[in-house]
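Visitor: Numbering (our numbering), first residue to last: 668 to 822.
Have a look at the structure that comes next, please.
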């Protein structure tokens with residue numbers, strides 16, 4: 668299963684880089700195989716209750732792994748194909764491993780974004796602009812009167 672997911676994500680990355688799209692057939696294939704294979708295995712080992720448990724865990728994995736990408740999609744930070752692929756991977760790996768893979772993907776993506784900015788000669792400028800934005804937000808916030816920071820409201 669892991670080899671299938673690695674190959675699929677590699678194919679998705681190449682297609683996304685070339686065309687800006689991840690095809691539905693790729694995500695749907697992962698979803699179908701990622702849910703049916705463990706469910707069948709659980710059915711053979713434990714009968715109907717094992718298959719039902721496996722399907723339930725796959726549904727939880729899809730929901731859990733799809734939540735953050737869906738929010739990012741609504742913010743227009745990622746595309747719908749990315750969301751569908753994360754949902755399919757979450758369903759295939761179930762909740763815990765799906766979230767672990769999603770976190771690893773976001774960390775790798777963040778590192779690669781910095782590498783790309785450095786390669787294009789834009790890293791320092793973007794870091795400078797980001798720090799200016801951060802200081803502007805902090806300057807407008809009266810931190811000493813914030814109950815979230817101190818736990819007690821200042822008088």
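Here a beta-carbon is modelled for each residue, glycine too, at the ideal position from N, C-alpha and C.
The alpha helix (DSSP H) that contains residue 764, what's its start and end?
Guide: Within the chain shown, numbered from 1, the residue matching residue 764 stands at position 97. Going by DSSP, residue 764 is part of the alpha helix (DSSP H) stretching over 747 to 786.
Visitor: Measuring straight from C-alpha to C-alpha, what distance separates residue 732 and residue 768?
Guide: Reading the chain shown from its first residue, position 65 is the one you call residue 732. Reading the chain shown from its first residue, position 101 is the one you call residue 768. About 9 Å.
Visitor: Considering only the beta carbon of each residue, do residue 709 and residue 725 sit closer than 8 Å?
Guide: As a first step, residue 709 must be located in the chain shown, where it is residue number 42. As a first step, residue 725 must be located in the chain shown, where it is residue number 58. Contact flag unset, no.
Visitor: May I ask you to report which of helix, strand or coil DSSP gives residue 823?
Guide: In the structure as shown, the chain begins at 668 and stops at 822. Residue 823 is therefore absent and cannot be evaluated.
Visitor: Given a cut-off of 8 Å, decide if residue 678 and residue 693 are closer than it, judged by their beta-carbon atoms.
Guide: Within the chain shown, the letter at position 26 stands for residue 693. Within the chain shown, the letter at position 11 stands for residue 678. A contact, by the Cβ cut-off of 8 Å.
Visitor: Mind checking residue 755: buried by the 16 CB within 10 Å criterion, or exposed?
Guide: Position 88 of the chain shown holds residue 755. Buried, by the Cβ-count rule.
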